[in-house]
Every structure is written in structure tokens, then in C-alpha cells.
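Chemist: Note that the sequence shown covers residues 7 to 187 in the working numbering.
Where a beta carbon is used, it is the ideal one built from N, C-alpha and C, also for glycine.
Remember, it's a predicted structure, so these values are computed and weren't measured experimentally.
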Amino acid sequence: MPDKITERLLSRDERALFEIEEKHGRFLLSLSRRIVGSPEDAEEILNDVLLEIWNTVPPKSPESILSYACMLVRRASLDRVRYNTAGKRGGGEYPIPIDELSELLFSEERYDDGEITELINSFLATQKKKQRIIFMSRYFGFESSEDIAKKMSVSKNSVDVCLSRMRKELKNYLEKRGFTI
Numbered sequence: 007m008p009d010k011i012t013e014r015l016l017s018r019d020e021r022a023l024f025e026i027e028e029k030h031g032r033f034l035l036s037l038s039r040r041i042v043g044s045p046e047d048a049e050e051i052l053n054d055v056l057l058e059i060w061n062t063v064p065p066k067s068p069e070s071i072l073s074y075a076c077m078l079v080r081r082a083s084l085d086r087v088r089y090n091t092a093g094k095r096g097g098g099e100y101p102i103p104i105d106e107l108s109e110l111l112f113s114e115e116r117y118d119d120g121e122i123t124e125l126i127n128s129f130l131a132t133q134k135k136k137q138r139i140i141f142m143s144r145y146f147g148f149e150s151s152e153d154i155a156k157k158m159s160v161s162k163n164s165v166d167v168c169l170s171r172m173r174k175e176l177k178n179y180l181e182k183r184g185f186t187i
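(1) Quick check on residue 147: buried or exposed, where buried means 16 or more other Cβ atoms within 10 Å of its Cβ?
(2) Between which residues of its own chain and residue 71 is the CB-CB distance below 7 Å, once the five residues before and five after are set aside?
(3) In whole angstroms, what is the alpha-carbon distance linking residue 176 and residue 183?
(4) Look up residue 137 in the DSSP assignment and say whether it is helix, strand or coil.
(5) Compare the C-alpha of residue 188 against each of 19, 144 and 136 and name the closest.
(6) Is it right to say residue 46 is buried, meaning 16 or more other beta carbons lie within 10 angstroms of its own, or is it exposed?
(7) Note down the Cα distance separating residue 51 from residue 38, rounded to an integer number of angstroms.
(8) In or out: residue 114 buried (at least 16 other Cβ within 10 Å) or exposed?
(9) Just to check my reading of the structure: residue 55 and residue 48 have Cβ atoms closer than 8 Å, yes? What is that Cβ distance to the nearest angstrom?
(10) Just to confirm the assignment: which complete alpha helix (DSSP H) runs, minimum length 4, are found wholly within the segment 26-75?
(11) For residue 151 versus residue 162, is the C-beta distance shorter than 9 Å?
(12) Suppose the cutoff is 8 Å on Cβ atoms and the five residues either side in sequence are ignored; what does the same chain contact list for residue 30 look like?
(13) When DSSP labels each residue in this structure, what does residue 124 get in the three-state scheme?
(14) Going by beta-carbon coordinates alone, are residue 40 and residue 124 separated by less than 9 Å?
(15) Just to confirm the assignment, what range does the alpha helix (DSSP H) spanning residue 12 have?
(16) Mapping the DSSP letters down to three states, classify residue 175 as helix, strand or coil.
(17) Grouping DSSP H, G and I as helix and E and B as strand, with all else coil, what is residue 92?
(18) Taking only three categories from DSSP, how would you classify residue 146?
(19) Go ahead and label residue 167 buried or exposed: buried means 16 or more other beta carbons lie within 10 angstroms of its beta carbon, across all protein chains shown.
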């Protein structure tokens, strides 16, 4: 069942966009800033995402507008990082979280994103809650190891070791399911 904001979007009520920004704007900006590193880029991305939400709901009808907005913010932020770090603009480097997983998820073979998402979700279901939180904080929340360590009340080294082990386990998990890494 869609939430009230989604219902407003479905009925083409522009106030829904203001509600999204008021209710979730700070979180979405924070997420984007962690990825792109620039407050100006994050603000522009949030505005682009609000427009995209307006243009895609309807026909889409997400159950959670926050989850949908987060997905759009992550995608737009990563696109901005790719653009900003392209060879012609002097970069070619991704932020650390993407770089850490790139050997697992970005191979020459093109896999269906939904299939990879499903496999990562099933892999995470085999992990302890603490490990899932660390993994999600790092690779989907783009939080630093230091921030995760503070949040989890553990050492930075403990977080780094956990992430390293999980990447190895994820690689084995994907290979056992036929993915070429």
C-alpha cells in the first residue's frame, strides 16, 4: 500500500515534492554528499531526483518513497562521480566503496542488475546482523570505516577486517552461482 506522499504524487499533487524535501531532504542530501563529496553537486542531484520522481510517479507506484528516492539519489550520485572522474576531467578513480567492490560487480560480462541485487540480498541474509549493517553502511550508505566504527562501537580495523572478509565471501558466493569474476 503506497504511503501518503506516493498517493499525492499519483494524484499529481505538487505538494508531494515539498513534503519529500521537508521530510527526507536532509537524509538524501547527506547520502549524496557522502558519494559525490560536494554540497553543490548534492543539492543539484536532489533537485534532479525530485524532478525524476515527479516524472516517474506515475506510472511507477513505489511502496516506499524514501527507498525509491534513495535509489535514485545513489544512481544519480554515482553517475555524477563517473562523469567528474572521467579521463578527460583528470580522474578515472571511483570513491573507495565502489572501488572495493568493482572487481566483484563490474566484469566484462554484463549481468542483470536485478539478478545481482537478488544474489547480494541472499548473501547478506546468510550474514550476522552486525556484518549486514557494516556492509550496507559502507557500500550502500557510502559511510567511511571510521564512521561505521563509531556507530558500531568497534575499532576501524575491526570494520576493515569485516569488510575484507565479506568481500571474499561474496566473491565465493557469486562464483558458486555461476558468475565470472
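Modeler: Checking against the coordinates, here is how it stands:
(1) Buried is the call here.
(2) Only 9, 11, 12 and 26 meet the Cβ criterion.
(3) As the crow flies, the alpha-carbon of residue 176 is around 11 Å from that of residue 183.
(4) DSSP, read as helix, strand or coil, puts residue 137 in helix.
(5) Residue 188 falls outside the range modelled here, since the chain spans only 7 to 187, and no answer is possible.
(6) Classification of residue 46: exposed, given that the 10 Å Cβ count is below 16.
(7) Distance between the alpha carbons of residue 51 and residue 38: 7 Å.
(8) Note on residue 114: pLDDT 44, under 50, position unreliable in the model; the coordinate value appears next. Residue 114 is exposed by the Cβ-count criterion.
(9) Rounded, the Cβ-Cβ distance is 10 Å, inconsistent with contact.
(10) Counting only runs of 4 or more, we get 45-62.
(11) Contact: yes.
(12) Within the same chain, residue 30 has close Cβ partners 71, 72 and 75.
(13) Correct three-state label for residue 124: helix.
(14) No, they are not a contact pair.
(15) Looking at the DSSP string, the run of the alpha helix (DSSP H) that includes residue 12 is 10-16.
(16) Looking at residue 175 - three-state DSSP - the assignment turns out to be helix.
(17) In the three-state reduction of the DSSP assignment, residue 92 falls in the coil class, being assigned neither a helical nor a strand state.
(18) DSSP places residue 146 in the coil class of the three-state scheme, outside both helix and strand.
(19) It counts as exposed.
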